[in-house]
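The sequence shown begins at 2 in this note's numbering and counts up by one.
All C-beta atoms in this analysis are idealised placements derived from N, C-alpha and C, irrespective of residue type, glycine included.
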Amino acid sequence: MFKSLVKPKSVVSTVLTFTRGKRIAAINPATERIVQQLSVLAAGRKQPKLLNLSNEDIIKHRTIMNAWKVFSSGKKRAEQTQLAQQYESICNAMNDLKETSPKLFNLANKKDKKSRFPLEMRFPTEYPPNRPWVYNYTGKKRA
2 MFKSLVKPKS VVSTVLTFTR GKRIAAINPA TERIVQQLSV LAAGRKQPKL LNLSNEDIIK
62 HRTIMNAWKV FSSGKKRAEQ TQLAQQYESI CNAMNDLKET SPKLFNLANK KDKKSRFPLE
122 MRFPTEYPPN RPWVYNYTGK KRA
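Set out below in structure tokens:
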């Protein structure tokens with residue numbers, strides 16, 4: 002009626018070792034290569050099946066997708082126009098500086114290897130970093 006929770010002694014259990022969360026099995030490299038190649042070939046079969054939607058649901062889906070395209074394209078267009086305006090204002094400022102003071106213009110455009118942004122630091126972007134910002138960063142000591 003009830004199954005015993007104790008396993009009989011004739012059952013042999015296999016032992017898997019874990020190293021930092023990865024399972025290590027005793028498979029030779031040739032077998033691993035074959036398994037990897039077969040899994041790549043079978044990846045096409047792992048695609049989810051298409052949903053059978055009613056006509057009303059298809060119309061709703063297409064409407065939502067079109068609205069999202071319009072929204073995202075408008076957002077991209079606004080970003081592009083803002084960047085174009087910023088670039089144009091930078092060009093205007095540089096032209097004004099060139100006309101008013103060529104000496105300052107040359108100093109502003111001077112290539113100086115010592116005052117470059119250090120490659121080890123992460124430059125600011127619109128997305129959060131994978132590693133936190135290091136506020137007390139000091140560059141490599143140059144001899």
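Next on the checklist: Whole angstroms are fine: how far does the CA of LYS141 sit from the CA of PRO130?
Outcome noted: 22 Å
Checklist entry - Hey, how far is the Cα of THR64 from the Cα of ASN93? => result 43 Å
Item to check | Check whether PHE106 and LYS99 have beta carbons under 7 Å apart | outcome: yes
Item to check | Endpoints, the alpha helix (DSSP H) within which ASN56 is located | outcome: 56-101
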